[in-house]
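Working notes for the structure below.
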Amino acid sequence: MIKPPSYVSEIKPYVPGKPIEELERELGITNSVKLASNENPIGPSVKAMKALLEGIMTPDTSSGINRYPDGNGYYLKKAISEKLSVREDEIILGNGSNELIDIAVRTFIQPGDEVVMGNPSFVVYFSSVHAQGAKAVQIPLKNYTHDLDAMADAITPRTKMIFIANPNNPTGTINKKDELHRLMESISDDILIVADEAYIEYVTDPEYAESMKYFKDGRNVLILRTFSKIYGLAGLRIGYGIAPEYIVIEMNKLRPPFNTSTLAQKAALAAIQDDEHVHASRAVNENGKQYLYEELDKMGLKYIPSQANFIYIILEQNSSEIYENLLSEGVIIRPVGQKEIRVTIGLPEQNRRFIESLSKFIINK
Ligand SMILES: Cc1ncc(COP(=O)(O)O)c(C=O)c1O
0 MIKPPSYVSE
10 IKPYVPGKPI
20 EELERELGIT
30 NSVKLASNEN
40 PIGPSVKAMK
50 ALLEGIMTPD
60 TSSGINRYPD
70 GNGYYLKKAI
80 SEKLSVREDE
90 IILGNGSNEL
100 IDIAVRTFIQ
110 PGDEVVMGNP
120 SFVVYFSSVH
130 AQGAKAVQIP
140 LKNYTHDLDA
150 MADAITPRTK
160 MIFIANPNNP
170 TGTINKKDEL
180 HRLMESISDD
190 ILIVADEAYI
200 EYVTDPEYAE
210 SMKYFKDGRN
220 VLILRTFSKI
230 YGLAGLRIGY
240 GIAPEYIVIE
250 MNKLRPPFNT
260 STLAQKAALA
270 AIQDDEHVHA
280 SRAVNENGKQ
290 YLYEELDKMG
300 LKYIPSQANF
310 IYIILEQNSS
320 EIYENLLSEG
330 VIIRPVGQKE
340 IRVTIGLPEQ
350 NRRFIESLSK
360 FIINK
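In terms of numbering that gives the first Met the number 0, the sequence shown is residues 0 to 364.
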């Protein structure tokens with residue numbers, strides 16, 4: 000029997016949010032609601048869907064789906080470059096931003112290195128680092144937010160990378176300008192800051208610390224963004240990174256040559272140009288958030304105000320039980336700690352279903 004190294008076998012497999020079809024098949028129900036993976040409940044831009052259809056129906060032209068995709072993603076990179084005023088050679092496309100996390104770690108980290116990250120935060124940071132035989136240094140959140148000062152204090156000569164999810168998943172909190180500034184001032188240029196901004200389009204707080212400023216100042220920052228969240232294209236798997244060119248060059252050596260599909264590139268290109276869809280998605284999210292806050296307040300439940308499209312709720316009972324209870328009602332959410340759950344903000348009817356089911360099982364009513 001062949002065995003992986005212990006740093007691989009020790010990894011707990013990522014448990015994705017339960018797919019709707021699976022739950023409905025298991026329970027023999029229909030009309031279930033998935034609020035578990037922070038997807039956009041209104042779906043993608045109609046323009047992106049049209050681009051997909053056109054892409055499928057294109058006969059054997061250079062961009063037909065019988066051909067390999069443009070491995071360089073020329074048109075999409077051009078659009079991102081224009082939108083964000085960065086150079087095309089400072090952009091890398093990924094099969095979701097998830098793949099870029101993995102590529103960044105494989106490119107820069109070797110066994111024995113240390114990578115600093117928050118806890119709890121996006122679990123893929125931990126597994127990617129561990130799989131490389133390196134040490135994930137997990138710094139507890141402070142007030143449910145990345146404690147950037149404690150993260151700076153955790154730096155040793157072995158530290159090569161720092162992950163900052165801003166907003167953080169699962170808590171929905173952000174780091175503010177002054178906090179990031181202090182961290183950036185205190186670190187040397189042989190450390191890569193990975194600023195994971197998967198939910199940036201939902202942020203409304205003017206104090207939000209955008210890492211773009213530091214990238215533009217020439218610092219070692221890899222900014223990760225995605226088309227899976229507000230752009231509603233999670234199923235197509237496409238995201239992008241922005242970093243100094245030398246970092247992109249190194250990461251491209253490990254990037255599979257055709258990692259983003261023709262259809263994903265076409266849909267993302269249409270999506271990034273559709274500001275109306277982004278505005279509409281933000282409005283649905285804000286309204287849903289207010290409704291959920293009000294209902295959670297009425298139930299006397301503790302939650303963390305969110306700058307993203309999900310809410311972290313702290314219960315006084317076991318989160319796995321609540322998860323199972325809600326599943327039995329066809330409502331899929333995510334248990335994220337012993338007593339904590341994370342719920343994605345959905346459409347009004349979906350939010351109502353969640354609240355109704357939650358109120359049936361909550362014990363501190
Ligand atoms: C903080 C954060 N980063 C990255 C991702 C990965 O997104 P994707 O690979 O779909 O781009 C997620 C997905 O939930 C996330 O929450």
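All C-beta atoms in this analysis are idealised placements derived from N, C-alpha and C, irrespective of residue type, glycine included.
| Asked | Found |
| --- | --- |
| Residue from Lys141, Leu295, Gln264 with nearest C-alpha to Lys77 | Gln264 |
| The region 118 to 125 contacting the region 272 to 286, beta-carbon criterion three pairs below 8 angstroms | no |
| Contact under 8 angstroms by Cβ, Asn174 with Leu147 | yes |
| Cβ-based burial, Phe257 [other Cβ within 10 Å; buried from 16] | exposed |
| Cα-Cα separation, Asp189 to Ile229 | 33 angstroms |
| Proximity test, Asp195 beta-carbon vs ligand 1 heavy atom, cut-off 7 angstroms | yes |
| Closer than 7 angstroms: Asn168 CB and nearest ligand 1 heavy atom | yes |
| Contact belief for Ile102 with Ala151 at Cβ below 8 angstroms, rounded distance in angstroms | Not a contact, Cβ separation roughly 25 angstroms. |
| Identity of the residues DSSP links to Ile248 by a beta bridge | The partner list for Ile248 (beta bridge, DSSP) is empty, contrary to what the question assumes. |
| Straight-line Cα distance separating Ile163 from Ile192 | 7 angstroms |
| CB of Val45 within 8 angstroms of CB of Pro169, strictly | no |
| CB-CB length for Leu223 against Glu196, believed under 8 angstroms | 6 angstroms |
| Boundaries of the alpha helix (DSSP H) in which Glu320 is found, first to last residue | 318 to 327 |
| Option in Gln306, Asn350, Thr259 with minimal Cα separation from Tyr290 | Asn350 |
| Check: Ala135 C-beta below 7 angstroms from any heavy atom of ligand 1 | no |
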